[in-house]
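Trainee: Sequences listed follow chains C and V, in order.
In this text, residue positions in the first sequence follow this note's numbering: the first is 1, and each later residue adds one.
In this text, residue positions in the second sequence follow this note's numbering: the first is 1, and each later residue adds one.
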Amino acid sequence: MIKKSMYTATLFVIALTLLGCATTQERLLDSKEGQVKLRSIQTRVFDTTNKEKTLRTVIATLQDLNFVIDKADHIIGSVSATKLNRYALRMTVSVRPRGEAQMLVRANAQYQDKPVTDPKTYQNFFTSLEKAMFLEAHSVQ
Amino acid sequence: MTYTKRILLYSLLSVILLFSFGCPPRIPPDALKLTEKSIEHRQLQTRIYDTKDEAKILASCAGLMQDMGFNLDESETELGVLVGSKQRSAKKASQVAASIFLAVLTGEAVPVDDKQKMRLSIVTKPAGEEQERISVRVTFQRIVWNTQGQICKKEFLDDPEIYQEFYSKLSKSLFLEAHKI
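And the structure:
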């Protein structure tokens, strides 16, 4: 009887170990996430060549969404910000030229200690950004 | 308890545990959605000044941040961004008194707010039809730790009086009148 209980307990421990099996490398490089799919969820293109205006609009949108800016860099074209609302949501948005007439905007978010992979959340962000840009956001395939 | 029953109980427990592991807290669906409150907040947090000199406004803001005891963490003049933070005590006499009262009653110490990190970002932006004015928007947030060292509050600060006081100070240091949006 005791043997059998031990057996069950061992199985249980093995199951738990298997569950928590993401290695440090996988967590560091997020290598388990579908990177190509995620990139397209996180990216939109706007028909403008004005990098500064795009960045300033991204910053204004983040402020509209109750974020406090952490960092901004015009040359690299990136902005990071944190939203505290009982939870912590951190975002980095980067802006770079795409071809001759467009700017590519990519956003990635982290909710508490998890990456955000839900397309709807990014869609909401780009909808908010579109309103401030007065431009339509195109998806990239 | 028979052996089968025990196995059933174990499996049930494991299933519950596995579910609780597999369901991390989800991001609230409206976390990145603009709401009616967003415009209200924008009005509360923004003022417009009749000047074209963005650098002068940023310099005054940086000075004001120092007056308020904030340390500058980050600045990007090209995009009109200043970021600062400070650490302060978060102790409140009323909370401490309530905690002592409860401790006397129950014999257990109740953690109270202890320390806080307060952050702000100030963003300036050319405004007006011909970009002849500068808009300034400030946002504040804080993280509070309790006496057990755990984070007990993560919040943005939207008390209108904070913003009124901030802009009345900024207007004084700029010698300019602030316009609401």
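Cβ coordinates follow ideal geometry from the N, Cα and C atoms, glycine included.
As the structure is a prediction and not an experimental result, all values here were calculated from the model.
Rounded to the nearest angstrom, how far is the Cβ of residue 132 of chain C from that of residue 57 of chain C, given a contact under 8 Å?
Mentor: Here residue 132 of chain C corresponds to residue number 132 of the first sequence, with the count starting at 1. Here residue 57 of chain C corresponds to residue number 57 of the first sequence, with the count starting at 1. Correct: roughly 5 Å between the Cβ atoms.
Trainee: Tell me which residues share the same chain as residue 119 of chain V and place their Cβ nearer than 6 Å to its Cβ, disregarding the 5 neighbours each side in the sequence.
Mentor: As a working note, residue 119 of chain V is residue 119 in the second sequence. Answer for residue 119 of chain V: 85, 141, listed in chain order.
Trainee: Looking at the unbroken beta strand (DSSP E) that takes in residue 75 of chain V, where does it start and where does it end?
Mentor: On the second sequence, residue 75 of chain V is found 75 positions in, with the first residue counted as 1. That run of the beta strand (DSSP E) goes 71-76.
Trainee: For residue 173 of chain V versus residue 82 of chain V, is the C-beta distance shorter than 8 Å?
Mentor: Translated into positions along the second sequence, residue 173 of chain V becomes position 173. Translated into positions along the second sequence, residue 82 of chain V becomes position 82. Result no, Cβ atoms of residue 173 of chain V and residue 82 of chain V do not sit closer than 8 Å.
Trainee: How about residue 84 of chain C and residue 122 of chain V: are their beta carbons less than 8 Å apart?
Mentor: For the purposes of this step, residue 84 of chain C is taken as residue 84 along the first sequence, with counting starting at 1. For the purposes of this step, residue 122 of chain V is taken as residue 122 along the second sequence, with counting starting at 1. Not closer than 8 Å, so no.
Trainee: Identify the contact partners of residue 8 of chain C in chain V, using a Cβ-Cβ distance below 7 Å as the criterion.
Mentor: Taking the first sequence and counting its residues from 1, the one referred to as residue 8 of chain C is at position 8. 7, 10, listed in chain order.
Trainee: If we define contact as Cβ-Cβ less than 8 Å, is residue 31 of chain V a contact residue for chain C?
Mentor: For this step, residue 31 of chain V is matched to residue 31 along the second sequence. It does; some Cβ of chain C falls within 8 Å.
Trainee: What does the Cβ neighbour count give for residue 100 of chain V, buried or exposed, with the cut at 16 atoms within 10 Å?
Mentor: Indexing the second sequence from 1 puts residue 100 of chain V at position 100. Residue 100 of chain V comes out exposed.
Trainee: How is residue 46 of chain C classed by DSSP in three states: helix, strand or coil?
Mentor: For this step, residue 46 of chain C is matched to residue 46 along the first sequence. In the structure shown, residue 46 of chain C sits in a strand (DSSP, three-state: E or B).
Trainee: Using a Cβ-Cβ distance under 8 Å, would residue 121 of chain C count as near chain V?
Mentor: Within the first sequence, numbered from 1, the residue matching residue 121 of chain C stands at position 121. By this cut-off, residue 121 of chain C is an interface position.
Trainee: List, from N- to C-terminal side, the beta strand (DSSP E) runs of 3 residues or more that fit wholly inside the stretch 58-120 of chain C.
Mentor: 68-73, 78-85, 87-98, 102-111, all fully within the stretch 58-120 of chain C.
Trainee: Would residue 7 of chain C be called buried (16 or more neighbouring beta carbons within 10 Å of its own) or exposed?
Mentor: Taking the first residue of the first sequence as 1, we reach residue 7 of chain C at position 7. Under this definition residue 7 of chain C is an exposed residue.
Trainee: Are residue 158 of chain V and residue 32 of chain V closer than 8 Å when you measure CB to CB?
Mentor: Residue numbering aside, residue 158 of chain V sits at position 158 when the second sequence is read from its first letter. Residue numbering aside, residue 32 of chain V sits at position 32 when the second sequence is read from its first letter. No; because the gap between Cβ atoms is not below 8 Å, this pair is not in contact.
Trainee: For my contact list, residue 24 of chain C and residue 103 of chain C are in at a C-beta cut-off of 8 Å; report their separation, rounded to the angstrom.
Mentor: Sequence index remark: in the first sequence, residue 24 of chain C carries index 24 (1-based). Sequence index remark: in the first sequence, residue 103 of chain C carries index 103 (1-based). Not quite, the Cβ-Cβ distance comes to about 36 Å (not below 8 Å), so this is no contact.
Trainee: Is DSSP giving residue 32 of chain C helix, strand or coil here?
Mentor: Taking the first sequence and counting its residues from 1, one reaches residue 32 of chain C at position 32. It is coil, neither helix nor strand.
Trainee: Compare the C-beta of residue 143 of chain V with all C-beta atoms of chain C and state if any pair is closer than 8 Å.
Mentor: Here residue 143 of chain V is taken as the residue at index 143 of the second sequence, counted from 1. At least one chain C Cβ lies under 8 Å of residue 143 of chain V.
Trainee: Should the stretch 76-92 of chain C be called in touch with the stretch 28-47 of chain C, which here means at least 3 C-beta pairs below 8 Å?
Mentor: Short answer: they don't touch.
Trainee: On the DSSP letters alone, give me the boundaries of the alpha helix (DSSP H) that residue 40 of chain V sits inside.
Mentor: Residue numbering aside, residue 40 of chain V sits at position 40 when the second sequence is read from its first letter. From DSSP, the alpha helix (DSSP H) with residue 40 of chain V extends over 36-45.
Trainee: Take the Cβ of residue 138 of chain V as the centre, count every other Cβ of all protein chains shown within 10 Å, and call the residue buried at 16 or more, exposed below.
Mentor: Taking the second sequence and counting its residues from 1, the one referred to as residue 138 of chain V is at position 138. The residue in question, residue 138 of chain V, is buried, as its Cβ has 16 or more Cβ neighbours within 10 Å.
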